[in-house]
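Taking it in order: structure first as structure tokens, then the write-up.
Residue numbers (our numbering): 69 to 504.
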């Protein structure tokens, strides 16, 4: 997006007067979801302004920027100046388009006096330690947690309080960035040093490390949309993850739950309590929950959209999707309020498969090498993060996962068979230099 100027940059493509403008929504750091957000709001007669924060997700910011925003405002740290720019553009709502935009969206909505989540718990919606403290204050079940720059303090806490394995992660990153389940003091020391000597996904240096008890159980994520404190559940999925030999935790695949599933009901009710504790009163939420022996326990909650959105497939399988529901919450609050608390139904089964490079060296697949994947009976959609032939390294986190494939079928056995065949194709030739 270029170098930030000394003051917000205005790139308005519209020359209409303020009085003639359609009401507008500003999205902060909508690098990945802009291509879905824009048409959803445009269908409801609204226009979008983009706000670029100083520290967007370094991986998302490399993606081609979506076209269709009527203006781009680059924030240089002066909230009042950026708010004034948005006021000039007729912005009536400010919403985070990604993790890096959460706190700035809060500040701007307060400055403009528009609906938002306020700043009382803004830090807790990004900082995972503050998040736990907010749950504790609200009496919501939470994981035992410590944050420290001192590795000896973390080792002592692990050995006297929760035992091994213990999970280490950056305090305010996203994805599975440096999330490692450590089985010993030696591993804690090595991972702690790695985190402390690196930057997070938003380019910020890690000055402390978060350590949490290892939560054993089934993990779920819940995508929601809220308006004035009323939460609507849009989808509930179960995560299936892999714990690599070095302790890194990566995504394998996800499958949705029917809303009447007993675990889904329990996880959804707990998620709404988490949203209340974090004062997520408006817009999107993405909450990860572990169903443990003592019940649901938060992994983390983000006041933004869930990743990997494909609205047309979500509509086909759930009858709705998070992006369209957020657009409705903005454009027609009365219609949004009439929705049931659980706004989706499971119409078709699907499996969302995260691609994994099994070797140290590979290349992004070409159209030819992807042909075997597209030939799977339940194949529906795929996204590759790199162009064909681009070098790939072994998958150890979200950033090194080369994309995803969505499988849809009425037959659970077909989904499983196609998933296993996809993994076989990966192992055999998908990332080879030339197709076999």
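Ideal placement from N, C-alpha and C gives every residue a C-beta, glycine not left out.
In this structure, how does DSSP classify residue 493 when only helix, strand and coil are distinguished?
helix
Residue environment, residue 445, which counts as buried when at least 16 other CB atoms sit within 10 Å:
Residue 445 comes out exposed.
Pick out whichever of 345, 463, 439, 304 has its Cα sitting closest to the Cα of residue 330.
304
In three-state DSSP terms, what is residue 379?
Helix, per DSSP.
Just reading off the beta strand (DSSP E) that residue 230 is part of, what are its end residues?
Looking at the DSSP string, residue 230 is not in any beta strand (DSSP E), and its letter there is neither H nor E.
Can you give me the Cβ contacts of residue 385 inside the same chain, cut-off strictly under 8 Å, excluding the 5 residues immediately before and after it?
Result list for residue 385: 324, 414, 415, 416, 417, 418, 476, in chain order.
Which word fits residue 237, buried or exposed, when buried means at least 16 other C-beta atoms lie within 10 angstroms of its C-beta?
Classification for residue 237: buried.
Backbone CA spacing between residue 201 and residue 192 [nearest angstrom]:
8 Å
Hey, would you say residue 472 sits closer than 8 Å to residue 421, going by beta carbons?
Going by C-beta atoms, residue 472 is nearer than 8 Å to residue 421.
Inter-residue Cα distance where the pair is residue 168 and residue 440
37 Å
Using the C-alpha atoms, what's the distance from residue 246 back to residue 185?
29 Å
Bridge partners for residue 286 per DSSP, in chain order?
359
Taking the beta carbon of residue 390 as the centre, do at least 16 other beta carbons fall within 10 Å, making it buried, or is it exposed?
buried
Note the first and the last residue of the continuous alpha helix (DSSP H) segment covering residue 279.
Note, residue 279: premise wrong, no alpha helix (DSSP H); beta strand (DSSP E) at 277 to 281.
Could you give the distance in angstroms between the alpha-carbon of residue 488 and the alpha-carbon of residue 449?
17 Å
Own chain partners of residue 179 with C-beta closer than 7 Å, once the 5 adjacent residues on each side are dropped:
147, 148, 151
When the Cβ atoms of the stretch 276 to 287 are set against those of the stretch 420 to 435, are three or more pairs found closer than 8 Å?
no
Taking the alpha-carbon of residue 412 as reference, which of 189, 107, 248, 290 has the nearest alpha-carbon?
290
Exposed or buried, what is residue 388 when buried is set at 16 or more other beta-carbons lying within 10 Å of its beta-carbon?
buried
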